[in-house]
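Engineer:
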Amino acid sequence: MRQGTEVNGAADAAAVGRQRTAGGLRLVDQAYLRLRDDIVTVRFQPGDPLDEKALSQQLGLGLTPVRDALKRLTLERLAVIYPRRGTFVTDINISDERWLTEVRIELEGLAAGLAAERATDEECAALTALAGTLEDSSDLSLDYITVDTEIHRAIYAAAHNPYLETSLNQYANLALRIWHYGIQRMRPRTPRSCSQDEVVAAIRARKPEAARKAAQSHLLAFSAEVRSLL
Numbered sequence: 001m002r003q004g005t006e007v008n009g010a011a012d013a014a015a016v017g018r019q020r021t022a023g024g025l026r027l028v029d030q031a032y033l034r035l036r037d038d039i040v041t042v043r044f045q046p047g048d049p050l051d052e053k054a055l056s057q058q059l060g061l062g063l064t065p066v067r068d069a070l071k072r073l074t075l076e077r078l079a080v081i082y083p084r085r086g087t088f089v090t091d092i093n094i095s096d097e098r099w100l101t102e103v104r105i106e107l108e109g110l111a112a113g114l115a116a117e118r119a120t121d122e123e124c125a126a127l128t129a130l131a132g133t134l135e136d137s138s139d140l141s142l143d144y145i146t147v148d149t150e151i152h153r154a155i156y157a158a159a160h161n162p163y164l165e166t167s168l169n170q171y172a173n174l175a176l177r178i179w180h181y182g183i184q185r186m187r188p189r190t191p192r193s194c195s196q197d198e199v200v201a202a203i204r205a206r207k208p209e210a211a212r213k214a215a216q217s218h219l220l221a222f223s224a225e226v227r228s229l230l
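Residue numbers (our numbering): 1 to 230.
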């Protein structure tokens, strides 16, 4: 989700205007999304330094949007600031996965239940199509995780609660980084217990309780997979 910018006066409005591209995406949002994806997919390893000047050159963006993006990443626990040392990618440990699952299991169930009540026909069709792309996959690979994450995010959106969607996306980013961290260090494995078919089917059938339970079961199965990788 994009964060809005509070504009006070013509000077601030002009500053915001200068940070926008022709397509309307703010430079700070560009910096945030690119840095977030590099952290989540572990292209930036835990503990790596996040130097503003180096990142500005790498991204081809100014220091201000990069600095603001780093501030947002620290709020989302993907980066950490150490006084007099700088900003670094947050470390990973197995306790993080357990704590994230404790929070996500309730919110994921809530999102799936709301999606069963509120999803449009178009959203249901999109979920079905996404779930279908996993049918031919036999490995718990990076591609599998990417599609699985798309399904999660589509369910969050289909719940039609912006506060819930924002919270779940933040937690999903943290969990996804742990998935990538574990998978990049182990051989792919068959995710027999990790399908979201039951979740999607319950949403399509407009069965909130069944969707809630299926979403929670899916999350617990995936949690067990990634903990074994770690």
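Glycine included, C-beta positions come from ideal geometry on N, C-alpha and C.
With DSSP as the reference, identify every bridge partner of Val80, one or two as the case may be.
Structural biologist: Here residue 80 is taken as the residue at index 80 of the sequence shown, counted from 1. Per DSSP, the beta bridge partners of Val80 are Phe88.
Engineer: Out of Arg227, Glu165 and Leu70, which one is the CA nearest neighbour of Ala54?
Structural biologist: Walking along the sequence shown from the start, residue 54 turns up at place 54. Answer by Cα proximity: Leu70.
Engineer: To the nearest angstrom, how far is it from the Cα of Gln58 to the Cα of Ala224?
Structural biologist: The residue you call residue 58 lines up with position 58 of the sequence shown. The residue you call residue 224 lines up with position 224 of the sequence shown. Spanning the two alpha carbons is a distance of roughly 37 angstroms.
Engineer: Would you kindly report the start and end of the unbroken alpha helix (DSSP H) that includes Ser228?
Structural biologist: Within the sequence shown, residue 228 is the residue found at index 228, counting from 1. Run containing Ser228: Pro208 to Leu229, per the alpha helix (DSSP H) assignment.
Engineer: Does the contact criterion of 3 or more C-beta pairs under 8 angstroms hold for the segment 167 to 179 versus the segment 126 to 136?
Structural biologist: no
Engineer: Closest by CA to Leu75, which one among Arg36, Asn161, Gly47 and His180?
Structural biologist: Within the sequence shown, residue 75 is the residue found at index 75, counting from 1. Residue Arg36 is the option with its Cα nearest to Leu75.
Engineer: In the DSSP assignment, find the unbroken alpha helix (DSSP H) run with Asp121 in it and report its ends.
Structural biologist: Position 121 of the sequence shown, counting from 1, holds the residue named residue 121. Run containing Asp121: Asp121 to Gly132, per the alpha helix (DSSP H) assignment.
Engineer: Going by alpha carbons, who is nearest to Lys207 out of Ala116, Leu107 and Thr41?
Structural biologist: Here residue 207 refers to the residue found at position 207 of the sequence shown. If we check each option's Cα against that of Lys207, Ala116 comes out closest.
Engineer: In whole angstroms, what separates the C-alpha of Arg227 from that of Ala175?
Structural biologist: Within the sequence shown, numbered from 1, the residue matching residue 227 stands at position 227. Within the sequence shown, numbered from 1, the residue matching residue 175 stands at position 175. Per the coordinates, the alpha-carbon of Arg227 lies some 11 angstroms from the alpha-carbon of Ala175.
Engineer: Within the chosen definition, does the segment 157 to 165 reach the segment 79 to 98 through at least 3 CB pairs nearer than 8 angstroms?
Structural biologist: no
Engineer: Given this structure, state the Cα-to-Cα distance separating Asp197 from Ala215, to the nearest angstrom.
Structural biologist: Position 197 of the sequence shown holds residue 197. Position 215 of the sequence shown holds residue 215. Their Cα atoms are separated by approximately 10 angstroms.
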